[in-house]
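Q:
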Amino acid sequence: MVVRSWREDPCTVLHVVGDLDVAGAPRLRDELEQAIAAADPLNLVVDLTEVPFCDSMGLGVLVATLNHVRRVKGRLILVLAPGMIRHLLTITNLDRHFETRESLGEARSAFGSAA
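Take 83 as the starting number for the sequence shown in our numbering and just add one per residue.
1) Taking DSSP as the reference, what is the three-state secondary structure of Leu97?
2) Straight-line CA distance for Glu132 to Val104?
3) Taking Leu162 as the reference, which of Thr172, Val154 and Arg183 has the closest Cα?
4) Rounding to the nearest angstrom, what Cα-Cα distance links Ser185 and Ile159 in this structure?
5) Report all residues from its chain with a CB closer than 7 Å to the CB of Ile167; omit the five preceding and five following residues, and keep chain order.
6) Name the two residues that bound the continuous beta strand (DSSP E) containing Glu181.
7) Can you tell me whether DSSP reads Thr131 as helix, strand or coil?
8) For Leu170, I'd like the list of residues in its chain whose CB is within less than 7 Å of its CB, leaving aside the five on either flank, ordered along the chain.
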C-alpha cells in the first residue's frame, strides 16, 4: 500500500493505492494519525479510488477515524469509485455515516462550499 498526503487548503488529502487489508491498514492508520495531528482545521479527504479491496481491519481504521474526527468537530470525506468499498459501506449500512464523493474535485468543492 502507498499513501501520499498533502495539504490543500482548507483540507488535508490522503491518496491511497493498494489493498486496505490486515497488511495495509496499519500504514493507513499511521498516516491518518499524522494528518490528524497536523491538520488545523481538521478537514480530511481520503481518496480510496485506487483501493480495490478492503477487509474488516481496513474498515475498522476508517470507522475509528470517522469517530475521532466527529469527536473533535472535524469533517471527513471519502472519495470512492464504484466497486467493492462503496458496496462494503452499503451492506454494512456505514454509507449512512460516511460522507462520500465520486472525485477528489467534488470533495475539495464540498469543503469550499461549507466554509
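Even for Gly, the Cβ is constructed at its ideal location relative to N, Cα and C.
A: To lay it out plainly:
1) As a position in the sequence shown, residue 97 is number 15, starting the count at 1. First, the residue type needs correcting, since residue 97 is His and not Leu in the sequence shown. Three-state result, His97: strand.
2) To locate residue 132, count along the sequence shown from 1; it is residue 50. To locate residue 104, count along the sequence shown from 1; it is residue 22. Near 17 Å, if we compare the C-alpha coordinates of Val104 and Glu132.
3) Locating residue 162 in the sequence shown gives position 80, where the first residue counts as 1. Cα-wise, what sits closest to Leu162 is Arg183.
4) Counting from one through the sequence shown, the residue named residue 185 turns up at place 103. Counting from one through the sequence shown, the residue named residue 159 turns up at place 77. Their Cα atoms are separated by approximately 10 Å.
5) For this step, residue 167 is matched to residue 85 along the sequence shown. Correct list, in chain order: Leu130, Val133 and Cys136.
6) Along the sequence shown, one-based indexing puts residue 181 at 99. Looking at the DSSP string, the run of the beta strand (DSSP E) that includes Glu181 is Glu181 to Arg183.
7) The count along the sequence shown starts at 1 and reaches residue 131 at position 49. DSSP places Thr131 in strand when its eight states are reduced to three.
8) Position 88 of the sequence shown, counted from the first residue, corresponds to residue 170. These residues qualify, in order along the chain: Cys136 and Leu141.
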